[in-house]
Ligand SMILES: Cc1cc2nc3c(=O)[nH]c(=O)nc-3n(C[C@H](O)[C@H](O)[C@H](O)COP(=O)(O)OP(=O)(O)OC[C@H]3O[C@@H](n4cnc5c(N)ncnc54)[C@H](O)[C@@H]3O)c2cc1C
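Numbering (our numbering), first residue to last: 15 to 426.
Rendered as structure tokens:
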């Protein structure tokens, strides 16, 4: 009987990255995936939402061009069906490419649900697999709230929302983490009436408080309604209403519950079993899952304090490290409107905020077009303890958003 070096359960970013790294080292790998290779990220998460967001943002830009009388499009409209089709194509192409990489690297893909026996073997579709090391990378699933259980019609999860056949007129979103915010932006761009309900005192509760406040201001301007310090006590599918903690009743076509994700734990972990990715329940992000896989297989360390967070849409929101509410820091805040590139792009909303201590950047909080790319420059500086004085020596190209980092540094 074949004994594999690695048996990996779950083919999402944690599992497939571990498989690729192990195969690159010449190890024999068997990878179990009960659904689609690519996991949540590629099939139900990062990739499909960002495809919707891309077309939503473009539509918003066109609308703004028409408003300025730059574009003439008397019948500007969109096909939601076509966007959904595009999303499918993007996911399918990426999945095929990933499957090809895994096959080329001789990873044995078993397309069944797997579990670990009491003897420490893996069992899938009635077959036993012996593996020296087992990696559990089974991911997470949308969290259900008591009394607001998903029904696939009125109360939807982030999985259900991807299968919408047509846009609702009104939507209530429970939760304002990255998933809630990104979908609020998608729906609002397509002229859906959006209301967010958030239990915390501010939207995006994990962000720096100044970021949260700015996002609230941006949402107010763009017509996205929200309640903070609030929750939903009940939902009535036949009446199409939700009742808020404050007693208010809102009419809505859909209640989208985006209130976190819970680990898909399969239990039974022996000594040779390692758990990585979302199912480990730490930081539930695709790039963190990949870092964990890299660390486990290749021994390359990562700094948990320096995992960047990005919320997509227009403008992007990104941060890393300490937030203002975490301590006393020297702070510099550069308004994006000061940048030539932002003016050219008609994207002047936002800021770059740096928190500094002992001449080192301790945290960065950005609301700007390209914030996802900007934050990476700061992560590299932070990870390598590059002092502010040294960073000032770097030449930043013009006109760019990166110049904003330079301008910020020069104000310190
Ligand atoms: C709407 C949404 C948007 C997101 N956007 C982002 C983003 O922009 N950036 C970001 O970093 N993260 C994002 N995430 C989070 C990201 O998708 C996850 O952090 C990432 O997918 C975790 O990877 P994973 O491999 O741990 O788990 P998953 O990707 O969930 O993969 C786990 C896999 O295991 C399989 N599996 C489970 N049990 C078994 C079993 N017993 N046998 C066989 N197979 C099994 C599942 O079918 C699944 O394919 C988003 C998530 C959602 C829901």
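Glycine is no exception: its CB is placed at the ideal position from the N, C-alpha and C atoms.
How about residue i: is its Cβ closer than 7 Å to a heavy atom in ligand 1?
i, result
"residue 18", "no"
"residue 236", "no"
"residue 127", "yes"
"residue 382", "no"
"residue 299", "yes"
"residue 54", "yes"
"residue 28", "yes"
"residue 131", "no"
"residue 113", "no"
"residue 326", "yes"
"residue 152", "yes"
"residue 48", "yes"
"residue 192", "yes"
"residue 292", "yes"
"residue 97", "no"
Indicate the three-state DSSP secondary structure (helix, strand or coil) for residue i in the structure shown.
i, result
"residue 412", "coil"
"residue 86", "coil"
"residue 340", "helix"
"residue 152", "coil"
"residue 425", "coil"
"residue 428", "There is simply no residue 428 to check, as the chain begins at 15 and stops at 426 in what is shown."
"residue 299", "coil"
"residue 121", "coil"
"residue 138", "strand"
"residue 403", "helix"
"residue 24", "coil"
"residue 128", "strand"
"residue 157", "coil"
"residue 19", "strand"
"residue 162", "strand"
"residue 239", "strand"
According to DSSP, what are the bridge partners of residue i?
i, result
"residue 377", "335, 369"
"residue 207", "184"
"residue 56", "None; residue 56 has no bridge partner."
"residue 349", "365"
"residue 104", "Partner(s): none; residue 104 has no beta bridge."
"residue 143", "136"
"residue 250", "255"
"residue 323", "333"
"residue 169", "269"
* Below 8 Å, can you find three or more Cβ-Cβ pairs linking the region 290–305 to the region 371–379? -> Below 8 Å, too few C-beta pairs join the region 290–305 and the region 371–379 to call them touching: fewer than three.
* Does the region 240–252 come close enough to the region 141–148 that 3 or more CB-CB pairs lie under 8 Å? -> At 8 Å Cβ cutoff, the stretches do not touch.
* Asked: Quick one: any contact between the region 61–71 and the region 321–339, if contact means 3 or more CB pairs under 8 Å?
  -> Contact between the region 61–71 and the region 321–339 is present, because at least three Cβ pairs lie under 8 Å.
* Do the region 210–217 and the region 336–352 make contact, defined as three or more Cβ pairs closer than 8 Å? -> No, the region 210–217 is not in contact with the region 336–352.
* Asked: Does the region 223–230 come within contact of the region 98–105, defined as at least 3 CB pairs closer than 8 Å?
  -> Verdict: no, contact absent.
* Asked: Is the region 246–265 close to the region 390–410, with three or more CB pairs under 8 Å?
  -> Contact fails: fewer than three Cβ-Cβ distances are below 8 Å.
* **Inter-stretch contact at 8 Å, needing at least 3 Cβ pairs: the region 25–34 / the region 113–126** => Short answer: they touch.
* Residue ranges of each beta strand (DSSP E) run of no fewer than 3 residues wholly in the region 255–321, ordered along the chain? -> Runs found: 255–258, 263–265, 268–271, 275–277, 287–289.
* Is it true that the region 360–372 meets the region 342–352, where meeting means three or more beta-carbon pairs spaced less than 8 Å apart? -> Yes, they touch.
* With a cut-off of 8 Å, do at least 3 Cβ pairs link the region 286–300 to the region 147–154? -> The region 286–300 vs the region 147–154: in contact.
* Assess, as a yes-or-no matter, whether the region 40–47 is touched by the region 15–29 under the definition of 3 or more beta carbon pairs within less than 8 Å. => Touching, yes, given that three or more Cβ pairs across the two stretches are closer than 8 Å.
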